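Take a look at the structure below.
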Amino acid sequence: MDILKRHDWIYGRGATRYLLALALLLAAAALPLSEALAKSRSSAPSVAAAIVVDMNSGSILYSQAADMPRYPASLTKMMTLYVLFGYMREGKVTPSSDLTVTPHAAGQSPTKLGLKPGAAIKTGDAIKALVTQSANDAAVTIAENLAGSEENFARLMTDTARRIGMSNTTFRNASGLPNEEQVTTARDMAILAAHLIHDYPEYYGVFGTRYFTFNGRKYRNHNKLLFGYKGTDGIKTGYTRASGFNLTASVRRDNKHLVAVVLGGKTGSSRDAAMRALLDKNFAAASHIKPSPEQLVASLVTPPALPAMMKPAFAPAPETPAPAAPSSLAEGDIAEPAQPIKASLTESTPASTTKPVRYAGAYHVQVGAFMSEADAENRLGMVQQRAIDLLEGHLPFTASFMKDDKEWYRARFAGFSKDDAQTTCAALKKRSLDCVVMSSE
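Residue numbers 27 to 467, in our numbering, belong to the letters of the sequence shown in order.
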């Protein structure tokens, strides 16, 4: 029986829908702009499509061809992760779960990690590989392990898109590699970003990961805004020859919060410049008043039921390197800084996979704040080694913030209920490990 017919999981019966006015506004076919913004069209950024959303009020502050069909490229991986986060919340997959790599996954075009058929990658590593390196082999590995095949997973992605209001998006793969039938719009990508932020606050912080260490190599996030644009907390870049340069960004300043999407930039630099210009122009008009709980009902109030994990429809091949894709076929953020640099971080010891997540809530356990991201990563690894039994199933990540005009890095573990976070922190303190309980917001 079709997986999508058997499982009505994103918003199951009785589950609370996301009621923020943002969703209604984004779903509209067109919205009038203010006279000032309309006059500014002549100086619109050199991109094919764009939208800027005030996440506090739900207002559309800027719109340019927001409903024009475009290829999503690696923005696709935002939906790949949205679906995965649903499984993680239910404890069906944990950050330390092993995902098996198939020949199909290993044979994806760059960018990728170079995973070998028959090997395994931890779910937490696969997540960070998508966020930072935009690794196509890791994206397909997630899809095949969750749904049995990439085709099944793509249908689940499209069904999920419809359920959260992305009415003009169709997915045909989990990576964003070229497919003429895989299309989206700037408006739909803004809807997806809003749902990632509000539906999965316990995992959203991973989109702010700047560096990812895997097999002794350190990879830099393709999203350059994370390294120089104040308040950026995520989320994803994308590129193929057909799509041009895409970017979805989330930026918070002084209680204001904007989500913006630009599609079809001619170069990575011009795309980033267009994004910065749009955000700079529209922050002044953004509301600093956050929505009330009545306005913003998160779907995590009633965790949805998920489809059962499907047995992979493949037999893992021997662990031999996959053939490298010809350079002429390379797609997926290829013009971004994707080359690894030598790692200076200590890799965390993988946790065991015998226990499921106790409860995935919207609270974090913070184990330190540092002026160096390397120090924050090392702290995560040390705490995880000393408290595997307490932190098993909770995703480690770093989150940057500004203090006295200097950048600091928080070391956190995600996915706790408030009570569980407090209990875990108290247990860590008994082991002489300092910590504090923090809300994801």
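Ideal Cβ positions, reconstructed from N, Cα and C, are used throughout, including at glycine. It should be emphasised that the depicted structure is a prediction, and the values quoted were computed from it without experimental measurement.
Cβ neighbour criterion (16 or more within 10 Å) applied to residue i
i	result
asparagine 171	buried
glutamine 159	buried
glutamate 433	exposed
lysine 444	exposed
glutamate 418	buried
phenylalanine 233	buried
methionine 105	buried
serine 201	buried
histidine 390	buried
glutamate 207	exposed
glutamine 365	Per-residue confidence for glutamine 365 stands at a pLDDT of 35, beneath the threshold of 50, marking its modelled position as unreliable; no derived number is given.
glutamine 411	exposed
threonine 293	exposed
cysteine 461	buried
isoleucine 168	buried
aspartate 163	buried
isoleucine 261	buried
Among the options, the one whose alpha carbon lies nearest that of residue i
i	options	result
alanine 440	Leu416, Leu454, Tyr229 and Asp460	Tyr229
valine 157	Ser313, Phe238, Arg412 and Asn281	Phe238
alanine 76	Leu304, Val393 and Ala402	Leu304
valine 127	Ile217, Ala146 and Thr120	Ala146
valine 285	Ala447, Asn82 and Ala402	Asn82
alanine 216	Ala425, Ile86 and Glu176	Ile86
phenylalanine 179	Leu421, Asp214 and Phe197	Phe197
arginine 278	Ala310, Ala165, Ser123 and Arg297	Ala310
arginine 187	Ile168, Pro143, Ala220 and Met397	Arginine is not the amino acid found at residue 187; the sequence shown has alanine there. That would be Ala220, whose Cα lies nearest to the Cα of alanine 187.
proline 143	Ser269, Arg267 and Gln134	Gln134
threonine 210	Met183, Met114, His224 and Tyr226	Met183
leucine 110	Glu207, Val166, Cys451 and Ala395	Val166
aspartate 124	Gly234, Met104, Met105 and Ile153	Ile153
proline 98	Val462, Asp446, Arg302 and Gly270	Gly270
arginine 457	Asp401, Arg438, Val393 and Ser398	Val393
isoleucine 223	Ser193, Thr274 and Pro121	Thr274
serine 313	Ser72, Asp259 and Val78	Val78
alanine 161	Glu177, Gly174, Leu139 and Ala173	Leu139
leucine 421	Asp430, Ala437 and Lys429	Ala437
phenylalanine 396	Lys429, Ala452, Met408 and Tyr435	Tyr435
lysine 429	Leu101, Lys103 and Lys256	Lys256
aspartate 280	Ser296, Thr258 and Pro129	Thr258
isoleucine 190	Tyr108, Tyr265 and Thr149	Tyr108
leucine 203	Pro136, Gly254 and Arg236	Pro136
phenylalanine 442	Ser296, Tyr226 and Thr149	Tyr226
lysine 250	Met301, Tyr113 and Leu218	Met301
tyrosine 88	Lys103, Val288 and Ser465	Val288
alanine 248	Arg236, Gly231 and Ala400	Residue 248 is actually histidine in this sequence, not alanine. Checking every option, the nearest Cα to that of histidine 248 belongs to Arg236.
Residue i (DSSP reduced to helix, strand or coil)
i	result
arginine 438	strand
leucine 454	helix
threonine 158	helix
proline 227	helix
arginine 198	coil
lysine 444	helix
lysine 432	strand
threonine 210	strand
asparagine 165	It should be pointed out that residue 165 corresponds to alanine in this sequence rather than to asparagine. Three-state result, alanine 165: helix.
alanine 74	coil
alanine 47	Residue confidence is low: alanine 47 scores 43 on pLDDT, short of 50, so the model does not pin down where it sits. Its coordinate-derived value is still stated next. Helix.
Endpoints, beta strand (DSSP E) assigned at residue i
i	result
methionine 464	462-465
phenylalanine 396	389-396
tyrosine 245	243-246
Limits of the alpha helix (DSSP H) - the one that residue i falls within
i	result
glutamine 411	399-412
arginine 236	It is not in any alpha helix (DSSP H) - arginine 236 carries neither H nor E in the DSSP assignment.
arginine 181	176-189
Inset, instruction - Please go through the stretch 79-151 and give each complete alpha helix (DSSP H) segment of 4 or more residues, from N-terminal end onward. - result: 102-115 and 129-132
Inset, instruction - Enumerate, from N- to C-terminal direction, the unbroken beta strand (DSSP E) stretches of 3 or more residues contained entirely within the stretch 258-329. - result: 258-266, 270-279 and 282-291
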